[in-house]
Amino acid sequence: MHASVPANIPTVRHLFRQFWRLSKPFWTSEEKWKAYGLLAVVVGLNLGSVYMNVLFNSWYNTFYNTLQNFDSGGFKAALIKFGYLAFVWIVISVYRFYLQQMLEIKWRRWYAKHLSQRWLEKQGYYRLQLTDRYTDNPDQRIAEDTQLFVGSTLGLALGLMNSLVTFFSFVTILWTLSGPLHFTLWGHEFNVQGYMVWVALIYALVGSVVTVLVGRPLVKLNFEQQRREADFRFGLVRVRENAESVALYHGEAREGHNLGVRIDAFVANFWAVIRRQKRIIWFTSFWGQLAIIFPLIVAAPRYFAKEIQLGGLMQINSAFGQVYGALDFVIGSFSSLASWKAIIDRLITFEDGLILADALPVPRPTALSEGLRIDGLNVKKPDGTPLFTDLNLELKAGDRLLVQGPSGSGKSTLLRTLAGIWPYSVGEMAYVKERGVLFLAQKPYLPLGTLREILCYPAPPSNDDAELDALLAAVRLDHLVGRLNDVDNWSHILSLGEQQRIAFARALFIRPAVLMMDEASSALDEPNEAILYQLIEDRLADSIIVSVGHRSTLRIFHNHYLETLGDGSWRLA
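For the sequence shown, this note's numbering gives the first residue as 3, with consecutive numbering after it.
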């Protein structure tokens, strides 16, 4: 399932409510005072840059008047003043960028950690897959969208502030410089004060309205583009993770077709994005070029009437550009605003999925001083189909239970329920928790790191090399003895059978009170399987073992037998 694009574009109030929902945790966290301090400095530098632009605007008047008046002394003085102004402006620009990036890094670091923790806590990474609103590509949400959200938010927010301050600073200047406009229309005399301000407002308003109308579809298109590209990357990762299986099936042609379909999907949407952006660029390019000459055309009559000098004309042109540029924020940033909204939509969808996952019931086995007890346990599939009905079971320390039955009858789901991760169950479960529970899956999980860390996972790595090497030798992985500190991609280097032996060694190291094995030896031949089960029998004599397996040879290693019959029925022997 994939996250769906919102059916309609929300109101501005709703959008900013979503934005604050994503931003509030950081700005109220333990990092808030450092963040507010950095933000205050960055805001101050932005205000300083606007003030420098005001000084530059005044300098234009002086400089161009010296040219018109052939004033060489004034010309040299203006150049020296420009050097001072330029130096200060450069320093402000450099530190404005540097400190804004520093704030962005701090925010992104905190937010990525926060979202990662939200995803990991309460096993959200697993439970998210069980909801009917499964969020696509959680890795992209955490790794990529956190960066895009923080960067876009700071860029747009500071840009908006800069534009507003620039507008109010230069609109006064433009009002004063433009003077009144007198004209007659249909026999009536009109006198418009500060007419260049009204021209700039109308010019920017027309540009903004047209750009918004043309660019509105970009919101959904950008959302869809991110999703389709993420699906393509996921397909590539799937091939990489299952390279051996694909090679054994000679599935290159089929995988190539599947990847081609995903490529065509994101390319088709990308063409739609390009066509829409092309329309926007047609207009914004025309409107931007016209803005260069337009204020000179409008102000030229006053210049030729000798009401203003060349310096005044260029100052008007500069002030008009600043006012128009400030009002042009929507035009220049519409694509960024559309992308920003799409990022917020994806992160909100992800967080909503986590909330839904958190709301699923959590099985909470109670603690016993010894043994394992199940009373009236009912286990279902997510669609409500019963797997176990009124299951009752009691095991004591050292007992071994083998669970067998047809495929799909709920054997693995029973282990998930006992492990406390399957939410669709009701009943009482209790077992020894003092030494913990360990689950061995058919495909063992080998985390990134050294062989030592893999052997001890999820416990902290042991420094007892002799013990760990002895465990490797015991499970017949002698060729790995002495490589405890090697870092490699072990899940690709080791065969599935070797990985399963690593899992057995892990169980011998951790010595859990309850060991659950879900076809944990399926990749081993029967003699090696017997050796490993005998190791468990000898070294974990007081542990409770619950095994799922299909081979009849496993029965000799168990003293209890549970058969799943389907439709919720079962038989215990």
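Don't be surprised by glycine CBs; every beta carbon is placed ideally from N, CA and C.
Secondary structure at residue 297: helix, using DSSP grouped into helix, strand and coil.
The beta-carbon distance between residue 570 and residue 388, rounded to whole angstroms, is 3 angstroms. This is short enough to meet the 8 angstroms contact definition. Under the 8 angstroms Cβ criterion, the stretch 373-382 counts as touching the stretch 418-429, having at least three qualifying pairs. With a cutoff of 8 angstroms on beta-carbon distance, residue 517 and residue 434 are scored as not near each other. Secondary structure remark: continuous alpha helix (DSSP H) runs of at least 4 residues inside the stretch 167-233, in chain order: 197-217. Annotation note: the stretch 410-479 contains the following uninterrupted beta strand (DSSP E) runs of length 3 or greater, listed N- to C-terminal: 427-434 and 439-442. Where residue 18 is concerned, the enclosing alpha helix (DSSP H) starts and stops at 14-29. Judged by beta-carbon spacing, residue 405 lies within the 8 angstroms limit of residue 549, meaning their Cβ atoms are closer than that value.
In the DSSP assignment, residue 486 falls outside any beta strand (DSSP E), carrying neither H nor E.
In chain order, 94, 97, 98 and 101 place their CB closer than 8 angstroms to the CB of residue 47, counting only its own chain and leaving out the 5 sequence neighbours on each side.
When the alpha-carbon of residue 543 is set against those of 398, 458, 499 and 227, the nearest one is in 398. Here the alpha carbon of residue 76 sits roughly 16 angstroms from the alpha carbon of residue 314.
In the structure shown, residue 369 falls within a strand segment according to DSSP collapsed to helix, strand and coil. Fully contained in the stretch 323-356 is no alpha helix (DSSP H) run of length 4 or more. If you ignore the 5 residues before and after residue 390, its C-beta comes within less than 7 angstroms of the C-beta of 379, 380, 381, 412, 416, 570 and 572, all in its own chain and listed in chain order.
In the displayed model, residue 546 falls within a strand according to three-state DSSP. Counting only runs that start and end inside the stretch 101-139, the alpha helix (DSSP H) elements of at least 4 residues fall at 126-129. In this structure, DSSP gives residue 388 an extended state, which the three-state scheme calls strand. Relative to residue 276, the option among 105, 545, 220 and 494 whose CA is nearest is 220. Inter-residue distance for residue 52 and residue 328 is about 11 angstroms (C-alpha atoms, whole angstroms). Listed as beta-bridge partners of residue 406 by DSSP are 565. Across the structure, residue 565 and residue 557 are spaced so that their CA atoms are roughly 12 angstroms apart.
Judged by pairs of C-beta atoms under 8 angstroms, the stretch 300-316 touches the stretch 54-73, as three or more such pairs exist.
Check the Cα spacing between residue 239 and each of 463, 260 and 250: the tightest is with 260. The continuous alpha helix (DSSP H) containing residue 36 extends over residues 34-70.
Residue 460 is positioned such that its CB atom lies no closer than 8 angstroms to that of residue 363. Residue burial is scored here from C-beta neighbours: residue 252 has fewer than 16 other C-beta atoms within 10 angstroms and is therefore classed as exposed. Look at residue 310 here: in three-state DSSP terms it is coil, with no helix or strand label.
Beta-bridge partners assigned by DSSP to residue 78: none are found. Per DSSP, the beta bridge partners of residue 380 are 428. Taking one beta carbon from each stretch, the stretch 492-501 and the stretch 467-474 have fewer than 3 pairs nearer than 8 angstroms; the two do not touch. One alpha carbon belongs to residue 225, the other to residue 316, and they sit about 43 angstroms apart. When DSSP reads this structure, residue 396 sits in a beta bridge with 375. The Cβ atoms of residue 151 and residue 24 sit closer than 8 angstroms to each other.
Between residue 271 and residue 227, the CB-CB gap stays under 8 angstroms. Pairing residue 540 with residue 443 gives a Cβ-Cβ distance that is not under 8 angstroms.
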